[in-house]
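Enquirer:
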Amino acid sequence: MPHVNVTHLASRATALGAVALCLLTAPAHAATPARPDVTGVDTALRTALRQGAPGAIARIDDDGTVRQLAVGVADRRSGRAISNADRFRIGSVTKVFSAVVLLQLADEKKLELDAPVDRYLPGLLPDRRITVRQVLGHRSGLYDYTNDMFAKSVSGFEAVRTKVFSYRQLVDRSLRHARTNAPGTAYAYSNTNFVVAGMLIEKLTGHSVRTEYENRIIKPLQLRDTFYAHPGTTIPGRHTNGYLTPDTAGAPLVDATEQTVSWAQSAGALISSTRDLDAFLSALLRGRLTSAAQLRQMEHMLPVDSTQAYGLGLRRRDLSCGVSVYGHTGAVQGYYTYAFATKDGRRTLTALVNTSNNGAVHNTMLGTLESAFCGKPAKVRRGAAVLERQQDAVPGLARQ
Ligand code: HEL
Numbered sequence: 011m012p013h014v015n016v017t018h019l020a021s022r023a024t025a026l027g028a029v030a031l032c033l034l035t036a037p038a039h040a041a042t043p044a045r046p047d048v049t050g051v052d053t054a055l056r057t058a059l060r061q062g063a064p065g066a067i068a069r070i071d072d073d074g075t076v077r078q079l080a081v082g083v084a085d086r087r088s089g090r091a092i093s094n095a096d097r098f099r100i101g102s103v104t105k106v107f108s109a110v111v112l113l114q115l116a117d118e119k120k121l122e123l124d125a126p127v128d129r130y131l132p133g134l135l136p137d138r139r140i141t142v143r144q145v146l147g148h149r150s151g152l153y154d155y156t157n158d159m160f161a162k163s164v165s166g167f168e169a170v171r172t173k174v175f176s177y178r179q180l181v182d183r184s185l186r187h188a189r190t191n192a193p194g195t196a197y198a199y200s201n202t203n204f205v206v207a208g209m210l211i212e213k214l215t216g217h218s219v220r221t222e223y224e225n226r227i228i229k230p231l232q233l234r235d236t237f238y239a240h241p242g243t244t245i246p247g248r249h250t251n252g253y254l255t256p257d258t259a260g261a262p263l264v265d266a267t268e269q270t271v272s273w274a275q276s277a278g279a280l281i282s283s284t285r286d287l288d289a290f291l292s293a294l295l296r297g298r299l300t301s302a303a304q305l306r307q308m309e310h311m312l313p314v315d316s317t318q319a320y321g322l323g324l325r326r327r328d329l330s331c332g333v334s335v336y337g338h339t340g341a342v343q344g345y346y347t348y349a350f351a352t353k354d355g356r357r358t359l360t361a362l363v364n365t366s367n368n369g370a371v372h373n374t375m376l377g378t379l380e381s382a383f384c385g386k387p388a389k390v391r392r393g394a395a396v397l398e399r400q401q402d403a404v405p406g407l408a409r410q
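Encoded structure:
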């Protein structure tokens, strides 16, 4: 549904609010997933390598059956082969963790999703109408400060890679710009929203986001590879290096492994592994991290485009075979992550390539979802119409 309709409907009188919300809800596809096409996943990983990724891994957890794939290298210098035992930076998959903490706080009656952010963080945002729900669904209108920060990929990254920002400094960078839309009227992906989410977590609990991720998610689920290392610059233990692709064609990859990720923090600074992300998403979707009521809030999706919808810190992708999967994507210098699961949490896929800023690789990785959840593609008759499939956003061009 085009945003213009969303704006129109959402700005109508309150009496129409319920009808509008109903019309805006994006219906999920509920087809039964076919057996995973492991060869198809492998082909996607190998294609990513041909397109410039040094290494790629994927893990499918399918109701107790584990399939792991790995191609290429973790370290271009030593030539060490990449494996699913390697940790990596997960970028915006962090947003799912931040949303879970806030929904747990809602379960504990410490937070109301429809309350203005201003109730908890007085004076932070100039528009006091912005609610917690709008922040978690990217519908606040807060400008994404990373648009300016990474307009030039390598010099933008080098300018911040060892910096330590306060949350407020990041919000201030956003507030230098006009809001992208009035609160609640349109979807506009913005890291600023999940910086505000981190501030809410710290304000409501009196603890750092690190403590809350650890106590509420990492320790209970025994996620051995998941760390919030900020402001440390290294990835603890066995990990894959990450290689940023420069904007200039043919320029050598930049090893971006070490950085504070302070530009992202609660919007994108977690480190994890394919095993842990599969376990996390499965636990979340099976209702082991929040009450059923709060999970429903998280899974209540509004449309992004013809193949995607967004809930609260949770993406939905509608695949070509009619299956919808839930999770998140991540793009942080040197790493692209896809982590998605079926609605019942029984099948999960996490796929990772150790490069970024490469649109072809990003689109190729979308193929891992199709193979993992749709199985082998049906043979297309010569001359038959090809289904239109919109690809995910390429960082720097558009954010979805
Ligand atoms: S962008 C996204 C992805 N999200 C958003 C967030 C994350 N990551 C960022 O905001 C980092 C953007 C810079 C990444 C950098 C690169 O590719 O290494 N690109 C440039 O510098 C381009 N000039 C919406 C794709 C998500 O999937 O949610 O993660």
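Numbering (my numbering), first residue to last: 11 to 410. For every residue, glycine included, the Cβ atom is placed at its ideal position computed from N, Cα and C.
1) Taking 8 Å as the cut-off, does the segment 245–261 touch the segment 185–195 (at least 3 CB pairs, one atom from each stretch)?
2) Do you know offhand how far L31's Cα is from L312's?
3) Does the beta-carbon of H310, which I'm using as the reference point, lie nearer than 7 Å to any heavy atom of the ligand HEL?
4) If I follow the unbroken beta strand (DSSP E) through S184, where does it start and stop?
5) With H, G and I counted as helix, E and B as strand and the rest as coil, what does DSSP make of H249?
6) Less than 7 Å between the CB of Y238 and some heavy atom of the ligand PLP, yes or no?
7) Are the beta-carbon atoms of T104 and L263 separated by less than 8 Å?
8) In angstroms, rounded to a whole number, what distance separates the CA positions of T236 and A277?
9) Is Q269 helix, strand or coil when you go by DSSP?
10) Going by DSSP in three states, P37 sits in which element: helix, strand or coil?
11) If you measure from the CB of S163, is any heavy atom of the ligand HEL nearer than 7 Å?
12) What separation, rounded to the nearest whole angstrom, lies between the Cα atoms of D71 and L291?
13) Report the CB separation of A351 from V335 in whole angstroms; it is logged as a contact under 8 Å.
14) How far does the alpha helix (DSSP H) with L112 in it extend, from its first residue to its last?
15) Looking at H338 and the ligand HEL, is the gap between the Cβ and the nearest heavy atom below 7 Å?
16) Are the beta-carbon atoms of R414 and Q114 separated by less than 8 Å?
17) W273 and M375 look like a contact to me (Cβ under 8 Å); what is the Cβ gap, rounded to whole Å?
18) Quick check on A279: does DSSP put it in helix, strand or coil?
19) Taking H372 as part of the beta strand (DSSP E), name the residues at either end of that continuous run.
20) Considering only residues of the same chain and omitting the five flanking positions on each side of G321, which have a CB-CB separation below 6 Å?
21) Only counting runs of 3 or more residues, tell me where the beta strand (DSSP E) segments fall wholly within the segment 59–84, in order along the chain.
22) With DSSP as the reference, please indicate the residues paired to S316 in a beta bridge.
23) Is DSSP giving L131 helix, strand or coil here?
24) DSSP on V174, reduced to helix/strand/coil?
25) Have a look at A41 and G332 and give me their C-alpha separation to the nearest angstrom.
26) Keeping to the same chain, check which residues put their C-beta closer than 8 Å to that of Y197; ignore five residues upstream and five downstream.
27) Is there contact here, the segment 41–57 with the segment 227–247, by at least three beta-carbon pairs under 8 Å?
Expert: So, from the data block:
1) Touching, no.
2) Position 21 of the sequence shown, counted from the first residue, corresponds to residue 31. Position 302 of the sequence shown, counted from the first residue, corresponds to residue 312. At L31, the pLDDT of 44 sits below 50, so the modelled position is not reliable and the matter cannot be decided from this model.
3) Numbered from 1 along the sequence shown, position 300 holds the residue referred to as residue 310. No.
4) Residue 184 sits at position 174 when you count from the first residue of the sequence shown. It is not in any beta strand (DSSP E) - S184 instead sits in the alpha helix (DSSP H) that spans 177–185.
5) Stepping through the sequence shown from its first residue, residue 249 is reached at position 239. DSSP, reduced to helix, strand and coil, places H249 within a strand of the structure shown.
6) For the structure depicted, the ligand PLP is absent and the ligand set comprises only the ligand HEL.
7) Your numbering for residue 104 matches position 94 in the sequence shown. Your numbering for residue 263 matches position 253 in the sequence shown. Pairing T104 with L263 gives a Cβ-Cβ distance that is not under 8 Å.
8) Start at 1 with the first residue of the sequence shown, and residue 236 comes out as number 226. Start at 1 with the first residue of the sequence shown, and residue 277 comes out as number 267. Counting only the Cα atoms, A277 lies some 15 Å from T236.
9) Numbered from its first residue, the sequence shown carries residue 269 at position 259. Q269: coil per DSSP, three-state reduction.
10) Working through the sequence shown from its first residue, we reach residue 37 at position 27. Three-state DSSP puts P37 in coil, outside helix and strand.
11) Mapped onto the sequence shown, residue 163 falls at position 153. Within the cutoff, so yes.
12) For the purposes of this step, residue 71 is identified with residue 61 of the sequence shown, where counting begins at 1. For the purposes of this step, residue 291 is identified with residue 281 of the sequence shown, where counting begins at 1. Note on geometry: alpha-carbon atoms of D71 and L291 lie some 11 Å from one another.
13) As a working mapping, residue 351 is identified with position 341 in the sequence shown. As a working mapping, residue 335 is identified with position 325 in the sequence shown. Sure, about 6 Å apart at Cβ, within 8 Å.
14) The residue given as residue 112 occupies position 102 in the sequence shown. It spans 104–117 - the alpha helix (DSSP H) in which L112 sits, taken as one unbroken run.
15) The count along the sequence shown starts at 1 and reaches residue 338 at position 328. Yes, since a heavy atom of the ligand HEL falls inside the 7 Å radius drawn around the Cβ of H338.
16) Here the chain comprises residues numbered 11 to 410, so residue 414 is not present and cannot be evaluated.
17) Position 263 of the sequence shown holds residue 273. Position 365 of the sequence shown holds residue 375. The distance from the Cβ of W273 to that of M375 is about 23 Å, inconsistent with a contact at the 8 Å cut-off.
18) Stepping through the sequence shown from its first residue, residue 279 is reached at position 269. Coil.
19) Position 362 of the sequence shown, counting from 1, holds the residue named residue 372. Per DSSP, H372 belongs to no beta strand (DSSP E); it is in the alpha helix (DSSP H), 369–384.
20) Here residue 321 refers to the residue found at position 311 of the sequence shown. Within the same chain, and ignoring the five residues on either side of G321 in sequence, the residues whose Cβ sits closer than 6 Å to its Cβ are M308, E309, H310, M311.
21) Within the segment 59–84, the runs of beta strand (DSSP E) that reach at least 3 residues and sit entirely inside it are, in chain order, 65–72, 75–82.
22) In the sequence shown, the residue the question calls residue 316 occupies position 306. Residue pairing by DSSP leaves S316 without any beta bridge partner.
23) Your numbering for residue 131 matches position 121 in the sequence shown. DSSP places L131 in coil when its eight states are reduced to three.
24) Start at 1 with the first residue of the sequence shown, and residue 174 comes out as number 164. In the three-state scheme derived from DSSP, where H, G and I count as helix and E and B as strand, V174 is classed as coil.
25) Looking up residue 41 in the sequence shown gives position 31. Looking up residue 332 in the sequence shown gives position 322. Rounded to whole angstroms, A41 to G332 spans 5 Å at the Cα level.
26) Along the sequence shown, read from residue 1 onward, the residue named residue 197 stands at position 187. Cβ within range, chain order: H13, V16, G147, H148, R149, L312, P313, V314, Y320.
27) Under the Cβ criterion (8 Å, minimum of three pairs), the segment 41–57 does not count as touching the segment 227–247.
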